[in-house]
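Structure record follows, encoded as structure tokens.
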Amino acid sequence: MTSSDSKRRLIIVSNRLPVGIKRMAEGQYDFSPSSGGLVTGLSGLAKGGVEFLWYGWPGIEVPQEDMSHLKEELLHKHNAVPVLLDQKTADHYYDGYSNSTIWPLFHYQLDKVLFNEDTSAAYRKANQAFADAIAPSLGHGDHVWVHDYHLMLLPLLLRQQAWKMNISVHLGWFLHTPFPETDFFTILPSKTEILDGILGADVVGFQTDEARRHFLSTCSQVLGRSSIDAKILCSGRQVVVGTYPIGVEPSEFHSRLQKDCVQSAIRAMRDNFRGAKIIVGVDRLDYIKGVPQKLYAFDRFLETHPEWVGVAILVQVAVPSRAHLEAHQELKAEIQKLVGEINGKYGKVNYVPVHFLYSSIDPDELTALYAVADVCFISSIRDGMNLVCSEFVACHDQKAIQSSHESISHGTLILSRFTGAASSLDGSLVVNPWDQEECAEALAHAVSIDADEAHERMRKLGDKVEEQTSAHWGASFLCALERVGKVEVLDMEF
Ligand code: G6P
Numbered sequence: 085m086t087s088s089d090s091k092r093r094l095i096i097v098s099n100r101l102p103v104g105i106k107r108m109a110e111g112q113y114d115f116s117p118s119s120g121g122l123v124t125g126l127s128g129l130a131k132g133g134v135e136f137l138w139y140g141w142p143g144i145e146v147p148q149e150d151m152s153h154l155k156e157e158l159l160h161k162h163n164a165v166p167v168l169l170d171q172k173t174a175d176h177y178y179d180g181y182s183n184s185t186i187w188p189l190f191h192y193q194l195d196k197v198l199f200n201e202d203t204s205a206a207y208r209k210a211n212q213a214f215a216d217a218i219a220p221s222l223g224h225g226d227h228v229w230v231h232d233y234h235l236m237l238l239p240l241l242l243r244q245q246a247w248k249m250n251i252s253v254h255l256g257w258f259l260h261t262p263f264p265e266t267d268f269f270t271i272l273p274s275k276t277e278i279l280d281g282i283l284g285a286d287v288v289g290f291q292t293d294e295a296r297r298h299f300l301s302t303c304s305q306v307l308g309r310s311s312i313d314a315k316i317l318c319s320g321r322q323v324v325v326g327t328y329p330i331g332v333e334p335s336e337f338h339s340r341l342q343k344d345c346v347q348s349a350i351r352a353m354r355d356n357f358r359g360a361k362i363i364v365g366v367d368r369l370d371y372i373k374g375v376p377q378k379l380y381a382f383d384r385f386l387e388t389h390p391e392w393v394g395v396a397i398l399v400q401v402a403v404p405s406r407a408h409l410e411a412h413q414e415l416k417a418e419i420q421k422l423v424g425e426i427n428g429k430y431g432k433v434n435y436v437p438v439h440f441l442y443s444s445i446d447p448d449e450l451t452a453l454y455a456v457a458d459v460c461f462i463s464s465i466r467d468g469m470n471l472v473c474s475e476f477v478a479c480h481d482q483k484a485i486q487s488s489h490e491s492i493s494h495g496t497l498i499l500s501r502f503t504g505a506a507s508s509l510d511g512s513l514v515v516n517p518w519d520q521e522e523c524a525e526a527l528a529h530a531v532s533i534d535a536d537e538a539h540e541r542m543r544k545l546g547d548k549v550e551e552q553t554s555a556h557w558g559a560s561f562l563c564a565l566e567r568v569g570k571v572e573v574l575d576m577e578f
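The opening residue of the sequence shown carries number 85 in the working numbering; numbering runs sequentially from there.
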């Protein structure tokens with residue numbers, strides 16, 4: 085691919101590449117496809133003739149002697165280019181500033197926020213390394229879509245690069261997490277630098293209207309840049325600030341449900357849990373997911389509704405994530421303790437109330453687990469969007485029922501009001517995860533729900549999940565990016 089290609093070209097930039105990379109013995113590398121909204125959303129666009137080049141950090145330090153071989157393989161097989169960082173920079177940028185400063189701050193977890201000059205310098209250095217890696221392949225008219233909180237300085241760095249090269253590029257930046265209220269954001273010593281970095285983009289996207297509102301009001305209060313119709317004028321450029329909620333591809337779950345291995349997994353799980361009401365939770369092991377809150381609520385539910393002891397079980401999958409962060413290790417220990425307490429309190433020889441798995445789960449098994457579950461309980465204390473709820477719906481909607489030979493129960497969703505999804509997924513039982521009584525009552529309602537009510541709720545949820553797909557998300561953001569420069573700069577007074 086060269087910058088002179090006449091075809092429209094899209095450069096995707098995210099901290100992670102679309103493939104997971106593992107170093108095997110003797111310089112051999114194993115590549116496994118990453119899952120998630122970003123990858124699936126953009127793969128739909130690839131089918132529409134958009135050419136991709138994807139830049140990201142490989143997540144490992146690559147020895148010099150393996151470099152050219154790895155680069156070649158990534159480019160040819162995955163259209164991907166690794167942005168290499170030395171171990172110290174990577175640790176400070178990823179574990180440090182991105183995940184111990186920005187992540188907890190953007191999720192309102194002030195007690196977990198750490199400030200450190202070294203990590204903030206590494207964040208700058210890593211963003212610059214991304215810009216340096218991308219610069220040689222930038223071409224006039226390219227569309228560049230930068231993702232998430234790891235790369236908030238990059239849009240401005242790329243704009244400066246384009247100026248130097250005297251070319252025009254369409255720059256977008258999308259935040260997958262919440263954007264906090266101004267009072268929280270301004271805790272950041274580098275607040276101005278970060279806002280300026282983001283405003284280097286032409287299109288700035290958020291998951292929810294709330295996040296977009298917070299950003300607009302922060303730009304006005306911190307930088308004195310006000311907006312008209314969610315457009316900010318920046319040195320003669322117009323920055324469009326929009327809401328683009330991400331989704332899943334429900335058809336992928338429907339196809340998976342047709343697989344023999346998924347059908348036999350459903351049968352096996354049914355046999356194993358015969359007569360039980362299954363409540364499922366699937367979360368990355370992260371304090372924002374509110375797993376302790378879910379366990380407290382389940383405990384309270386069994387205490388106040390003892391008729392469900394022996395019948396209701398919670399299957400909680402916790403996918404290991406950022407495992408060397410102290411906050412995550414402490415959380416794991418806390419969850420294990422709570423699981424032990426609940427199982428000790430209500431368990432019987434033939435009844436284990438909480439089944440806790442600390443592992444990632446393969447997509448076929450996950451689909452079967454969703455399908456056998458009667459209830460899905462999302463208890464995040466903050467979440468940019470949350471896609472587990474949409475995946476659960478995709479395994480219980482009309483098309484799921486038609487796809488599966490095994491019968492699928494109606495499925496009820498309990499959803500924390502602190503997820504981005506709660507603002508768009510009508511049909512769920514919305515709860516405050518901090519309110520144990522409310523959650524316990526929602527659980528009681530969900531396990532004994534009337535079939536007509538459950539059916540009506542799932543119909544609404546299914547319609548929304550079908551409409552708000554990841555392909556739709558990708559297409560609407562790129563459509564806004566495509567329009568950059570075609571819209572007249574408004575006659576605005578600032
Ligand atoms: C969140 C972030 C993503 C990130 C994912 C997994 O969804 O918004 O950018 O990739 O968590 O976290 P990890 O640190 O494993 O990439």
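Where is the CB? At the ideal position from N, CA and C, for every residue including glycine.
Here the structure is a predicted model, which means the values were calculated and not measured.
**OP:** Decide if Q377 is buried, meaning its Cβ has at least 16 other Cβ atoms within 10 Å, or exposed.
**Re:** For this step, residue 377 is matched to residue 293 along the sequence shown. The residue is buried, with at least 16 neighbouring Cβ atoms inside 10 Å.
**OP:** Could you please give the first and the last residue of the uninterrupted alpha helix (DSSP H) stretch that includes P239?
**Re:** For the purposes of this step, residue 239 is taken as residue 155 along the sequence shown, with counting starting at 1. Its alpha helix (DSSP H) spans residues L238 to M249.
Original post:
How would you write the range of the beta strand (DSSP E) that E135 sits in, first residue to last?
Top reply: On the sequence shown, position 51 is the one that residue 135 refers to. DSSP places E135 inside the beta strand (DSSP E), whose first and last residues are E135 to W141.
Original post:
Should G365 and F214 be called a contact, given that it needs their Cβ atoms to be closer than 8 Å?
Top reply: In the sequence shown, the residue the question calls residue 365 occupies position 281. In the sequence shown, the residue the question calls residue 214 occupies position 130. Contact flag unset, no.
Original post:
Can you give, in chain order, each stretch of the beta strand (DSSP E) that sits fully within the segment 304-328 and has at least 3 residues?
Top reply: List check, beta strand (DSSP E) in window: 315-318 and 321-327.
**OP:** Counting only the same chain and skipping the five closest in sequence on each side, list residues whose C-beta sits under 8 Å from that of P117.
**Re:** For the purposes of this step, residue 117 is taken as the residue at position 33 of the sequence shown. The answer, listed in chain order, is P102, V103, G104 and V123.
**OP:** Could you tell me whether any non-hydrogen atom of the ligand G6P is closer than 7 Å to the CB of G468?
**Re:** On the sequence shown, residue 468 is found 384 positions in, with the first residue counted as 1. Yes.
Original post:
Can you tell me whether Q400 is buried or exposed, with buried defined as 16 or more other CB within 10 angstroms of its CB?
Top reply: One-based indexing of the sequence shown puts residue 400 at position 316. Looking at its Cβ environment, which holds 16 or more other Cβ atoms inside 10 Å, Q400 is buried.
Original post:
Span of the alpha helix (DSSP H) holding S301?
Top reply: Numbered from 1 along the sequence shown, position 217 holds the residue referred to as residue 301. For S301, the enclosing alpha helix (DSSP H) starts and ends at D293 to T302.
**OP:** Compute the minimum distance between the beta carbon of D232 and the heavy atoms of the ligand G6P, and state whether it is under 7 Å.
**Re:** Within the sequence shown, the letter at position 148 stands for residue 232. D232: yes, Cβ under 7 Å from the ligand G6P.
Subject >> Bridge partners - V403, DSSP secondary structure assignment >> reply: Mapped onto the sequence shown, residue 403 falls at position 319. Residue pairing by DSSP places V403 opposite R368 in a beta bridge.
Original post:
To the nearest angstrom, how far is it from the Cα of D519 to the Cα of I363?
Top reply: Numbered from 1 along the sequence shown, position 435 holds the residue referred to as residue 519. Numbered from 1 along the sequence shown, position 279 holds the residue referred to as residue 363. Taking the straight line joining both Cα atoms gives about 18 Å.
**OP:** Measure the beta-carbon distance from A295 to L259 and round it to whole angstroms, keeping in mind my assumption that it falls under 8 Å.
**Re:** Looking up residue 295 in the sequence shown gives position 211. Looking up residue 259 in the sequence shown gives position 175. 7 Å between Cβ atoms; contact.
Original post:
Under a three-way DSSP split, which group does K373 fall into?
Top reply: For this step, residue 373 is matched to residue 289 along the sequence shown. In the structure shown, K373 sits in a helix (DSSP, three-state: H, G or I).
Original post:
Where does the unbroken alpha helix (DSSP H) through D267 begin, and where does it stop?
Top reply: Taking the sequence shown and counting its residues from 1, the one referred to as residue 267 is at position 183. Segment T266 to F269, the alpha helix (DSSP H) holding D267.
Original post:
What do you reckon, is the C-beta of R543 under 7 Å from a heavy atom of the ligand G6P?
Top reply: Locating residue 543 in the sequence shown gives position 459, where the first residue counts as 1. It does not: the Cβ of R543 is nowhere closer than 7 Å to a heavy atom of the ligand G6P.
Original post:
What separation, rounded to the nearest whole angstrom, lies between the Cα atoms of A621 and Y233?
Top reply: Shown here, the chain extends from 85 to 578; a query on residue 621 therefore has no answer.
Original post:
What do you reckon, is the C-beta of Q292 under 7 Å from a heavy atom of the ligand G6P?
Top reply: Position 208 of the sequence shown, counting from 1, holds the residue named residue 292. Looking at the sequence itself, residue 292 is Thr, so the reference to Gln does not match. No heavy atom of the ligand G6P is found nearer than 7 Å to the CB of T292.
Original post:
Are the Cβ atoms of A206 and H231 separated by less than 8 Å?
Top reply: Taking the first residue of the sequence shown as 1, we reach residue 206 at position 122. Taking the first residue of the sequence shown as 1, we reach residue 231 at position 147. By the CB criterion at 8 Å, A206 and H231 fall outside the cutoff.
Original post:
Do G511 and I330 have their C-beta atoms within less than 8 Å of each other?
Top reply: Counting from 1 along the sequence shown, the entry for residue 511 is found at position 427. Counting from 1 along the sequence shown, the entry for residue 330 is found at position 246. For G511 and I330, no; Cβs fall outside 8 Å.
**OP:** Have a look at the DSSP bridge pairing and note the partners of K209.
**Re:** The residue you call residue 209 lines up with position 125 of the sequence shown. Answer is none; K209 lacks a bridge partner.
**OP:** Give me the Cα-Cα distance between P166 and V197, rounded to the nearest whole angstrom.
**Re:** Taking the sequence shown and counting its residues from 1, one reaches residue 166 at position 82. Taking the sequence shown and counting its residues from 1, one reaches residue 197 at position 113. P166 and V197: Cα-Cα distance of roughly 29 Å.
Subject >> Residues sharing a beta bridge with D114, DSSP >> reply: Looking up residue 114 in the sequence shown gives position 30. Under DSSP, D114 shares a beta bridge with K106.
Subject >> Beta-carbon proximity of A530 to V459, cut-off 8 Å >> reply: Mapped onto the sequence shown, residue 530 falls at position 446. Mapped onto the sequence shown, residue 459 falls at position 375. Yes, these two residues count as a Cβ contact at 8 Å.
**OP:** Please indicate yes or no: does the CB of R309 lie closer than 7 Å to some heavy atom of the ligand G6P?
**Re:** Translated into the one-based positions of the sequence shown, residue 309 becomes position 225. In this structure, the C-beta of R309 stays at least 7 Å away from each heavy atom of the ligand G6P.
Original post:
What number of angstroms, rounded off, separates the C-alpha of C303 from the C-alpha of A526?
Top reply: Translated into positions along the sequence shown, residue 303 becomes position 219. Translated into positions along the sequence shown, residue 526 becomes position 442. A direct Cα-to-Cα measurement between C303 and A526 gives close to 39 Å.
Original post:
Could you give the residue range of the alpha helix (DSSP H) that holds V436?
Top reply: In the sequence shown, residue 436 corresponds to position 352, counting from 1. Element bounds for V436: n/a, residue is neither H nor E.
Subject >> 8 Å CB neighbourhood of L369 in its chain, flanking five on each side removed >> reply: Locating residue 369 in the sequence shown gives position 285, where the first residue counts as 1. Contacts found: V375, A402, V403, P404, S405, A407, H412, L415, K416, I419 and Y442.
Original post:
Buried or exposed: where does W663 fall if 16 or more other Cβ atoms within 10 Å of its Cβ makes it buried?
Top reply: The question about residue 663 has no answer here: the residues shown for the chain are numbered 85 through 578.
Original post:
If you measure from the CB of N211, is any heavy atom of the ligand G6P nearer than 7 Å?
Top reply: The residue you call residue 211 lines up with position 127 of the sequence shown. No, since every heavy atom of the ligand G6P falls outside the 7 Å radius drawn around the Cβ of N211.
Original post:
If you count every other CB in all the chains shown that lies within 10 Å of the CB of N250, and 16 or more means buried, which is it?
Top reply: Along the sequence shown, read from residue 1 onward, the residue named residue 250 stands at position 166. So N250 counts as exposed.
Original post:
Apart from the five residues on each side of it in sequence, which residues of its chain come closer than 7 Å, Cβ to Cβ, to D575?
Top reply: By 1-based counting over the sequence shown, the position of residue 575 is 491. Its pLDDT being 37, under 50, D575 is placed unreliably by the model, and the measurement read from it follows with that caveat. Hits under 7 Å: none found.
**OP:** Pick out whichever of R466, D534 and H162 has its Cα sitting closest to the Cα of G504.
**Re:** On the sequence shown, position 420 is the one that residue 504 refers to. Residue R466 is the option with its Cα nearest to G504.
**OP:** Verify the contact flag: A99, CB atom, against every heavy atom of the ligand G6P, threshold strictly below 7 Å.
**Re:** The sequence position of residue 99 within the sequence shown is 15, counting from 1. What sits at residue 99 in the sequence shown is Asn, not Ala. N99: yes, Cβ under 7 Å from the ligand G6P.
**OP:** Report the option in E156, L169 and F269 whose CA atom is closest to the CA atom of G140.
**Re:** For the purposes of this step, residue 140 is taken as residue 56 along the sequence shown, with counting starting at 1. Minimum Cα distance to G140 is reached at L169.
Subject >> Three-state secondary structure (DSSP) of E577 >> reply: Taking the sequence shown and counting its residues from 1, the one referred to as residue 577 is at position 493. Confidence at E577 is low in this model, with a pLDDT of 35, below 50, so the placement of that residue is unreliable and no value is reported for it.
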